[in-house]
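Notes follow the structure.
Residue numbers (the working numbering): 39 to 294.
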């Protein structure tokens, strides 16, 4: 089954990192976010990827052109230039890197992939700027159980600020960024049937706009509720938070 990752956005709110590279190539723990996301899928046996490229797509292409060598141990004969792989990369991944336009919106990128994806049947899709410990095997089983065209993973985002309760000016309760402090939102990690392409039009289509809204009105959109870890990387503060989790050795999304 193919897993689509949207990799073409500008990442303007993370401009400190994205002036020279696309957002999915911003690193956490020395590895691009894209690497973390692909490992999450790979841990559940989903190894066939379609990367929808846009802004600075050449950076992602260069990364994967060099991936096998960089992920292996090498012996280089400096006289002859002969290279031997002592330890080969253990990533059993296949990736189609497709240019979906510099200015395309999320739905537009998916629309451009129709000829590649429609013949393959059911496919997965997520964004290239967030990580989670979603059980993708259960997600797919849930999708297959209801028979609708689309499943979206619903998550409760971490609150941006802690909450307090008062008795006059006295703080009676302090809650530091409760995970359930806000309502359910779109967490990505979709599963789609090919019929979803009937809801898309051109490059300007925003997946989260008319397509998902219409699918919901038609009774074709179901939610897989995920109560566990989920974190997008919209700002430098988000990246620093993910770096701290990775450095702790207990990153919740690391299931490989």
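The beta-carbon is built from N, C-alpha and C at its ideal position, and this holds for glycine as well.
Under the rule that 16 or more other beta-carbon atoms within 10 Å means buried, what is residue i, buried or exposed?
| i | result |
| --- | --- |
| residue 265 | exposed |
| residue 181 | buried |
| residue 58 | exposed |
| residue 115 | exposed |
| residue 257 | exposed |
| residue 278 | exposed |
| residue 288 | exposed |
| residue 96 | exposed |
| residue 62 | buried |
| residue 176 | exposed |
| residue 275 | exposed |
| residue 179 | exposed |
| residue 210 | Here the model assigns residue 210 a pLDDT of 49, short of 50, so the residue's position is not dependable, and the following value carries that caveat. Exposed, because fewer than 16 other Cβ atoms sit within 10 Å of the Cβ of residue 210. |
Note down, in chain order, each residue of its chain lying with its Cβ closer than 6 angstroms to the Cβ of residue i, except the 5 sequence neighbours on either side.
| i | result |
| --- | --- |
| residue 134 | 88 |
| residue 192 | 222, 261, 263 |
| residue 152 | 235 |
| residue 158 | 40 |
| residue 104 | none |
Hey, could you find the ends of the alpha helix (DSSP H) residue i is sitting in?
| i | result |
| --- | --- |
| residue 239 | Unbroken run through residue 239: none, as it is neither H nor E. |
| residue 74 | 71-80 |
| residue 87 | Premise fails: residue 87 lies in the beta strand (DSSP E), 86-91, not in any alpha helix (DSSP H). |
| residue 154 | 152-155 |
| residue 285 | 274-285 |
| residue 254 | 248-255 |
| residue 289 | No alpha helix (DSSP H) holds residue 289; DSSP gives it neither H nor E. |
| residue 259 | Unbroken run through residue 259 is the beta strand (DSSP E), 259-264; no alpha helix (DSSP H). |
| residue 140 | Looking at the DSSP string, residue 140 is not in any alpha helix (DSSP H), and its letter there is neither H nor E. |
Please name the residue in the options whose C-alpha comes closest to that of residue i.
| i | options | result |
| --- | --- | --- |
| residue 170 | 160, 132, 228, 152 | 228 |
| residue 234 | 145, 112, 47 | 145 |
| residue 44 | 141, 119, 106, 130 | 141 |
| residue 225 | 252, 174, 184 | 174 |
| residue 128 | 60, 288, 110 | 110 |
| residue 232 | 247, 83, 189 | 189 |
| residue 64 | 287, 293, 121, 270 | 270 |
| residue 69 | 246, 126, 98, 130 | 98 |
| residue 124 | 130, 118, 112, 117 | 112 |
| residue 24 | 122, 118, 155 | Any question about residue 24 goes unanswered here, given that the chain covers just 39 to 294. |
| residue 48 | 272, 281, 282, 253 | 272 |
| residue 311 | 72, 90, 94 | The structure shown does not extend to residue 311, since the chain spans only 39 to 294, so no value can be given for it. |
| residue 126 | 280, 246, 106, 118 | 106 |
Return the chain-ordered list of same chain residues with a C-beta closer than 8 angstroms to the C-beta of residue i, the five sequence neighbours on each side being excluded.
| i | result |
| --- | --- |
| residue 139 | 46, 92, 146, 147, 150, 241 |
| residue 6 | An answer regarding residue 6 cannot be provided, because it is not within the stretch 39 to 294 covered by the chain. |
| residue 84 | 39, 41, 162, 174 |
| residue 38 | Nothing in the structure corresponds to residue 38, since the chain is present only between 39 and 294. |
| residue 184 | 260 |
| residue 281 | 66, 67 |
Which first and last residues belong to the beta strand (DSSP E) in which residue i is found?
| i | result |
| --- | --- |
| residue 165 | 161-165 |
| residue 268 | 268-270 |
| residue 168 | 168-170 |
| residue 190 | 188-193 |
| residue 111 | 111-114 |
Please confirm whether any heavy atom of the ligand FMN lies closer than 7 angstroms to the CB of residue i.
| i | result |
| --- | --- |
| residue 255 | Only the bare structure without any ligand can be found here, which leaves the ligand FMN out of the picture. |
Take residue i and list the residues in its own chain whose beta-carbon comes closer than 7 angstroms to its own, dropping the five residues that flank it on each side.
| i | result |
| --- | --- |
| residue 291 | 74, 78, 169, 170, 171, 267 |
| residue 294 | 77, 80, 81 |
| residue 131 | 76, 80, 85, 87 |
| residue 102 | 133, 135 |
| residue 246 | 144, 224 |
Exercise. Does the pairing of the region 71-85 with the region 163-183 give three or more beta-carbon distances under 8 angstroms?
Worked result: Taking a cut-off of 8 angstroms on C-beta distances, the region 71-85 touches the region 163-183, as three or more cross pairs fall below it.
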